[in-house]
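In what follows, a structure is listed as structure tokens, so that the remarks can point back to it.
There are 2 protein chains.
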Amino acid sequence: MLEKTIRDIAKKAREASFYLANVSTDKKNKALNIAAQLINERREEISEVNREDVREAERKGVSKAFIDRLTLTEKRINGMVKSLNEVSMLEDPVGTIIRGWKRPNGLQILQMRVPIGVIGIIYESRPNVTVEASSLCLKTGNATILRGGREAINSNRILYTILSEAVKRAGLPEGCIGFIDSVDRKAIKYLIRMNGLVNLIIPRGGEGLINFVTENATVPVIKHYKGLCHTYVDEFASLPMAQEIVYNAKVQRPGVCNAIETLLVHKNIAGKFLPEMIRRLQEAGVEIRGCERTRKVVPQIREAEEKDWDTEYLDLILSIKVVDDIEEAIEHINKHGSQHSEAIITENYERAMEFLYRVDAATVYVNSSTRFTDGGEFGMGAEIGISTDKMHARGPMGLPELTTYKYLILGNGQIRK
Amino acid sequence: MLEKTIRDIAKKAREASFYLANVSTDKKNKALNIAAQLINERREEISEVNREDVREAERKGVSKAFIDRLTLTEKRINGMVKSLNEVSMLEDPVGTIIRGWKRPNGLQILQMRVPIGVIGIIYESRPNVTVEASSLCLKTGNATILRGGREAINSNRILYTILSEAVKRAGLPEGCIGFIDSVDRKAIKYLIRMNGLVNLIIPRGGEGLINFVTENATVPVIKHYKGLCHTYVDEFASLPMAQEIVYNAKVQRPGVCNAIETLLVHKNIAGKFLPEMIRRLQEAGVEIRGCERTRKVVPQIREAEEKDWDTEYLDLILSIKVVDDIEEAIEHINKHGSQHSEAIITENYERAMEFLYRVDAATVYVNSSTRFTDGGEFGMGAEIGISTDKMHARGPMGLPELTTYKYLILGNGQIRK
Chain A
14 MLEKTIRDIA KKAREASFYL ANVSTDKKNK ALNIAAQLIN ERREEISEVN
64 REDVREAERK GVSKAFIDRL TLTEKRINGM VKSLNEVSML EDPVGTIIRG
114 WKRPNGLQIL QMRVPIGVIG IIYESRPNVT VEASSLCLKT GNATILRGGR
164 EAINSNRILY TILSEAVKRA GLPEGCIGFI DSVDRKAIKY LIRMNGLVNL
214 IIPRGGEGLI NFVTENATVP VIKHYKGLCH TYVDEFASLP MAQEIVYNAK
264 VQRPGVCNAI ETLLVHKNIA GKFLPEMIRR LQEAGVEIRG CERTRKVVPQ
314 IREAEEKDWD TEYLDLILSI KVVDDIEEAI EHINKHGSQH SEAIITENYE
364 RAMEFLYRVD AATVYVNSST RFTDGGEFGM GAEIGISTDK MHARGPMGLP
414 ELTTYKYLIL GNGQIRK
Chain B
14 MLEKTIRDIA KKAREASFYL ANVSTDKKNK ALNIAAQLIN ERREEISEVN
64 REDVREAERK GVSKAFIDRL TLTEKRINGM VKSLNEVSML EDPVGTIIRG
114 WKRPNGLQIL QMRVPIGVIG IIYESRPNVT VEASSLCLKT GNATILRGGR
164 EAINSNRILY TILSEAVKRA GLPEGCIGFI DSVDRKAIKY LIRMNGLVNL
214 IIPRGGEGLI NFVTENATVP VIKHYKGLCH TYVDEFASLP MAQEIVYNAK
264 VQRPGVCNAI ETLLVHKNIA GKFLPEMIRR LQEAGVEIRG CERTRKVVPQ
314 IREAEEKDWD TEYLDLILSI KVVDDIEEAI EHINKHGSQH SEAIITENYE
364 RAMEFLYRVD AATVYVNSST RFTDGGEFGM GAEIGISTDK MHARGPMGLP
414 ELTTYKYLIL GNGQIRK
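Residue numbers (our numbering), protein chains in the order written: chain A, 14 to 430; chain B, 14 to 430.
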């Protein structure tokens, strides 16, 4: 029964995707602008529905961070309106010729960006993802199927209703945005196994959700997984610069994936660098967990356990390890990192090159905070998230990453000998 | 026990992949050239081992086509030697800067091609895949894990041994090429679920194998699935050109994925086009299966059943359907095609554009045989196969498609405000 419901949504999405693939950019933008206008007009109603979700979640006793993500504040509603209008102003990647060449037999080959088709977005408590994800998919000519978290169901439903209305008013088929109005986890399982109807699944959420999707999906998945990021302060670092960067990467916004969780410090500068660094971090409320050698330099800190090196705190906690050399730093990162964002602080050319080449991560920095791994900071205009996978898209995913390509081949009678 | 064996192979491959990611192109080429030389020197031994496999397969009573794929003829051995040397001469995509830009805050962002990591190749009876797949992976800095078909196990083992020797002589770590020396299907299941060790699975084979891999894999998969290709002869086609192209697309090599299985013909030219076309095809030994309207024009042919529209014959059989218009042709293709290679024959600009834009396939042709969907014919130099998936790579996969990218970000103290 539920499977049939999901299949029907997927079928409608697939049908719509054929239409969407060749619709004009103007028409897609019109839908985005109408959606912005409708959300702006109906903000009271949205807030009210969201307050119900928040109250219910509070009754269940979820965490403060959870309530924060769930709440559609005035500012977040403004953010959705603004983002819809901004996405309408971004360049449409569909139809871009990535490259083209002519073969000796006269065949002209063009590699053209086209939509992926039907994209399933599976997310948790943040209702604004409903708007952000579906608007980016719509702009790139993809049909979306949304499956948000249980606690945000009423907020998601009203946002979906508004988006649907906008799609209709712009003259686009209803199936462009589909919504799974069921909190049953089986619904996810059905969705992620609908090969032939669904082309891609993007899960955004915690470890449990990501593992469930990876374990069960037969449709391709681009994971937006955790960020266990490091900064390595080399012996040839400018120490004042290192101080600023490490502080920024940990403290400026600790709850996000591109903040660092572990600081690696070359043994030759640990004594000089760590006392002041740790003092500043502690002043900002950061709990420090250090390895043995760190604690020799600054004794009054908690000892790091083995599992600390594999923990994404998403909080004001930092583990610190003193390493013998860049070799140990790179090995530690390639073993414990989540291939998200990694940085070295050094003034030495060779060390910088070695780090850039040998660290296996989506983004590798020299002398910069890891906090710049972000579609907006990259200048992409918008992002659907940050891929921690290696296939199709890696790192911040903007509009072009939501497309695939096809080859158009123009002949005049060519046959193969 | 078997799982541990596979895990050990995967661990060695992953370790080797870190080394391979930054090894010089010269060293990789050296391994390829040595492998070519060793295969050339040991061709008698290879043939002998292969003959055993062939004899055993014949005893089991496999099909002639199967024996053909399994057999390492003199020509095929020459082909392996030649292809190894050719791959050594291709441009190495690793290290290519795809694009780069500078942000207002001074951060320089470079998007660089890097290897994917560890690629599992699962294939069936063709032992030459052992050499082709692993050489393309090696050239692109990827470690390979090979799992060939049961019937080719001895041929695969000796080729693997030679490749391993070449890798060692070139000074590369042994783990660069791994070989699963077990015909137990469980071995595949273990391999395709080794997330964290294996980065990509490429299955090449029949429907059964592809479905098994899709159903069970948790590692990303790029499928090389079937080619159910069409040619649509529009009412505005040059009929002599259409004759040549359809004949070529069906007859020149019917057993491959880019040959056509179904011919669609506009009703307005069916009477004029079909009799001569069918006569020529029948002369070449092609069995024709036609729809009712086709049989009105040429009565003495077999009637096509519903399932014919969904069958990849890979043989001298062609189904023919007369359609009302381009709309019906596109709908038929998008419903029954395998999104591989599709062609329209027309002299009409609008029809050509409509077909190019609206047909959902890796390669869409105007006035050309579909037989050109091939890495070599595209000018890629070599191909690991033809992806029928939409994610990461679509259509012929050359060397760049065997890479991913990472962002190198060069700063001088940037922190996020």
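All C-beta atoms, glycine included, are put in the ideal place defined by N, C-alpha and C.
Beyond the five residues adjoining it in sequence on each side, B/G191 comes within less than 8 Å, by CB distance, of I22, A23, K25, A26, A156, T157, I158 and L159 in the same chain, given in chain order.
For B/V246, the beta-bridge partners assigned by DSSP are B/V278 and B/I358.
Across the structure, A/A34 and B/G424 are spaced so that their CA atoms are roughly 39 Å apart.
Contact of B/V67 with chain A is not assigned, every C-beta pair being separated by 8 Å or more. A residue is called buried once 16 or more other Cβ atoms fall within 10 Å of its Cβ, and B/E61, having fewer, is exposed. Between A/L103 and A/A395, the C-beta spacing is below 8 Å. Taking a Cβ-Cβ threshold of 8 Å, none of the residues of chain A is close to B/T84; the smallest such distance is about 24 Å. DSSP, reduced to helix, strand and coil, places B/S148 within a helical segment of the structure shown.
Contact between A/S30 and A/V131 is confirmed by a C-beta separation of about 5 Å, below the 8 Å threshold. Contact holds between the segment 380–390 of chain A and the segment 351–368 of chain A, because three or more Cβ pairs, one in each stretch, are under 8 Å apart. Any Cβ of chain A closer than 8 Å to the Cβ of B/E104 would place that residue at the interface, and such an atom is absent. Going by C-alpha positions, A/V144 is about 56 Å away from B/I171. Here A/L45 is not near A/I175, since their CB atoms are 8 Å or more apart. DSSP places A/K43 within a helical segment (H, G or I) once states are collapsed to three. If you draw a straight line from the Cα of B/L412 to the Cα of B/K152, it is about 8 Å long. Looking at the DSSP output, A/L159 sits in a beta bridge with A/I134 and A/F192.
Annotation: Cβ neighbours of A/D402 in chain B (cutoff 8 Å, chain order): P233.
Taking a cut-off of 8 Å for Cβ pairs, the segment 236–247 of chain B and the segment 264–275 of chain B touch, as three or more such pairs fall below it.
For A/G92, not one C-beta of chain B is nearer than 8 Å to its own C-beta.
Between the alpha carbons of B/S400 and A/V278 lies a distance of about 45 Å. Cβ contact annotation for B/V336 (same chain, cutoff 6 Å, sequence separation greater than five): L277 and A342, in chain order. Relative to B/N347, the option among B/T275, B/V311 and B/Y32 whose CA is nearest is B/T275. Nearest to B/A262 by alpha-carbon distance, out of A/L85, A/K430 and A/R163, is A/K430. Taking 8 Å as the cut-off, the Cβ atoms of A/G218 and A/E137 count as close. Close CB contacts of B/E289 within its chain, under the 8 Å cut and outside five residues either way in sequence, are with Q256 (chain order). Under the criterion of beta carbons closer than 8 Å, A/V107 and A/N53 do not qualify as touching, at roughly 27 Å.
Judged by DSSP in its simplified three-state form, A/P233 adopts coil rather than helix or strand.
Around the beta-carbon of A/G188, 16 or more other beta-carbon atoms lie within 10 Å, marking it buried. Using a CB distance below 8 Å, the part of the segment 369–384 of chain A facing chain B consists of L369, Y370, R371, D373, A374, A375, T376, V377, Y378, V379, N380, S381, S382 and R384, ordered along the chain. The Cβ atoms of B/S251 and B/E360 sit closer than 8 Å to each other. Between B/Q265 and B/R293, the alpha-carbon positions lie close to 13 Å from each other. The beta-bridge partner set that DSSP reports for B/M102 is empty. Within chain B, N347, R371 and D373 have C-beta atoms less than 8 Å from the C-beta of A/F31, given in sequence order. Within the model, the alpha-carbon separation for A/A200 versus A/T227 is close to 15 Å.
Assigned with DSSP and collapsed to three states, B/G350 falls in coil, not helix or strand. At a cut-off of 8 Å, the C-beta of A/L213 has a neighbouring C-beta in chain B.
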